[in-house]
Amino acid sequence: MRTQGHGITTPEKEEAFRSFFEGNLNASRAFSHFLHVDLNCGSGWNEDALCLGSPLVFLNAVKRARRADVGAVFVDQDPVACESLRERLRREIQPPGFAWSVCCQDNRRTLELLLREPERFGSLIADPNGHGRGKAGNGTDYRLLAKVLARHVRMDVAINVNLNLLWQMRGWNRARGADVFKADDQPGIRELIGMMPKEHWHVQFRSPPRGSPGRGFLVLIGRNGVNFKDHAARGIYRVNSPTGQRIIKYADTGRGEHPLAGASQQQFAFA
Ligand SMILES: C[S@@+](CC[C@H](N)C(=O)[O-])C[C@H]1O[C@@H](n2cnc3c(N)ncnc32)[C@H](O)[C@@H]1O
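Under the working numbering, think of the first position of the sequence shown as 1247, with each following residue one higher.
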């Protein structure tokens, strides 16, 4: 069974995470004891895209940032993925002071535990298979996530969103006469941003492969405090920039010109 994110755009997603990790690790040197939480860590290696998964991308960012005060909690409910990740991490050169643990559990439990922690600073990523909580429990409980971020105001967030799933749910709910996008359990993109207590938002849009009917994917990055510039080489734009606005409109309505039309760099490049 394939549980990792798959598809041709996965390396771009990892680049968005890399940009998020590096930006945060570098911008927060004034604080010590950085905590990183990965709610959907996977095995550390993406079999479909043949690229490093988010935990290894984070580890490399820590090495590059040369910080010695970083802890990471990697969470996945799949025991096989957890064991593979543990093995991979043990084989890696560990930066000094880097402490990690892999927790095999429903990430809802992790969020509940974080609610009881004293305030921490750092980063948190959600890279689920679903959108919203999802019947199968394989999405993200956005309401709970928003509470956690309200408690840990200096913990920045990156959320990967599969627009195909978001639009599938929109179709199902229209068919049933319900407007799920008013419900914060399965929000549209604007609602999702509105739910999370973060001041500044960036977005990366990944087009579906040419000729594919898919709607693509987004990484949303929310921060408090320091705002970052666009990182066009990695396709990352401020949500309130013209390109960012086009992306959000397209993601929520399917309307408007191509989100990256007129962007300074249309094709993703490994910068
Ligand atoms: C798209 S993959 C993650 C890929 C990984 N972040 C990477 O960059 O390689 C989604 C992962 O979320 C895990 N997952 C799904 N629902 C979960 C839940 N409720 N709690 C914990 N893990 C969950 C799946 O087992 C799967 O490994």
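Backbone N, C-alpha and C fix where the C-beta goes; we use that ideal spot for every residue, glycine too.
field: R1313, DSSP secondary structure in three states
entry: R1313 falls in the coil class under three-state DSSP.
field: C-alpha gap between I1435 and G1269, whole angstroms
entry: Each residue's Cα considered, the two are about 23 Å apart.
message: Quick check on V1303: does DSSP put it in helix, strand or coil?
response: Helix, per DSSP.
task: Can you check the stretch 1365 to 1423 for any beta strand (DSSP E) of at least 3 residues that lies completely inside it and give the ranges in chain order?
output: Qualifying beta strand (DSSP E) stretches, in chain order: 1367 to 1372, 1400 to 1408.
query: From P1325 to K1475, what distance separates their C-alpha atoms?
result: Straight-line Cα distance between these residues: approximately 38 Å.
query: Could you give the residue range of the alpha helix (DSSP H) that holds Q1450?
result: Per DSSP, Q1450 is not a residue of any alpha helix (DSSP H); the beta strand (DSSP E) it occupies stretches across 1446 to 1452.
task: May I have the straight-line CA-CA distance separating G1299 from L1305, to the nearest angstrom?
output: Whole-angstrom Cα-Cα distance: 10 Å.
Touch test, the stretch 1252 to 1262 against the stretch 1447 to 1466, Cβ-Cβ under 8 Å, three pairs minimum: Output reads yes: the stretch 1447 to 1466 touches the stretch 1252 to 1262.
query: Hey, how far is the Cα of R1272 from the Cα of R1264?
result: The sequence shown places Asn at residue 1272, rather than the Arg named in the question. In a straight line, the C-alpha of N1272 is about 12 Å away from that of R1264.
message: Less than 7 Å separating the Cβ of G1234 from some heavy atom of ligand 1?
response: Any answer about residue 1234 is impossible in this case: the structure gives the chain only from 1247 up to 1517.
query: Can you tell me whether A1295 is buried or exposed, with buried defined as 16 or more other CB within 10 angstroms of its CB?
result: Label assigned to A1295: buried.
Exposed unless 16 or more other CB atoms sit within 10 angstroms - verdict on T1499: Burial call: exposed.
query: How big is the Cα-Cα spacing for L1359 and T1489?
result: Spanning the two alpha carbons is a distance of roughly 37 Å.
- request: State yes or no: is the C-beta of D1238 nearer than 7 Å to some heavy atom of ligand 1?
  value: The structure shown does not extend to residue 1238, since the chain is modelled only from 1247 to 1517, so the question has no answer here.
field: Residue environment, S1369, which counts as buried when at least 16 other CB atoms sit within 10 Å
entry: By the 10 Å Cβ count, S1369 comes out buried.
task: Indicate whether the contact test is met: 3 or more Cβ pairs, each with one atom in the stretch 1434 to 1451 and one in the stretch 1401 to 1419, closer than 8 Å.
output: Verdict: yes, contact present.
field: Nearest-angstrom beta carbon gap, G1468 and D1402 [assumed within contact, 8 Å]
entry: Approximately 6 Å separates the beta-carbon atoms of D1402 and G1468; this is inside 8 Å, confirming the contact.
query: Just the Cα atoms here: how many angstroms apart are E1363 and R1355?
result: Within the model, the alpha-carbon separation for E1363 versus R1355 is close to 13 Å.
- prompt: For A1327, is the beta carbon positioned less than 7 Å from some heavy atom of ligand 1?
  reply: True, at least one ligand heavy atom lies under 7 Å from that Cβ.
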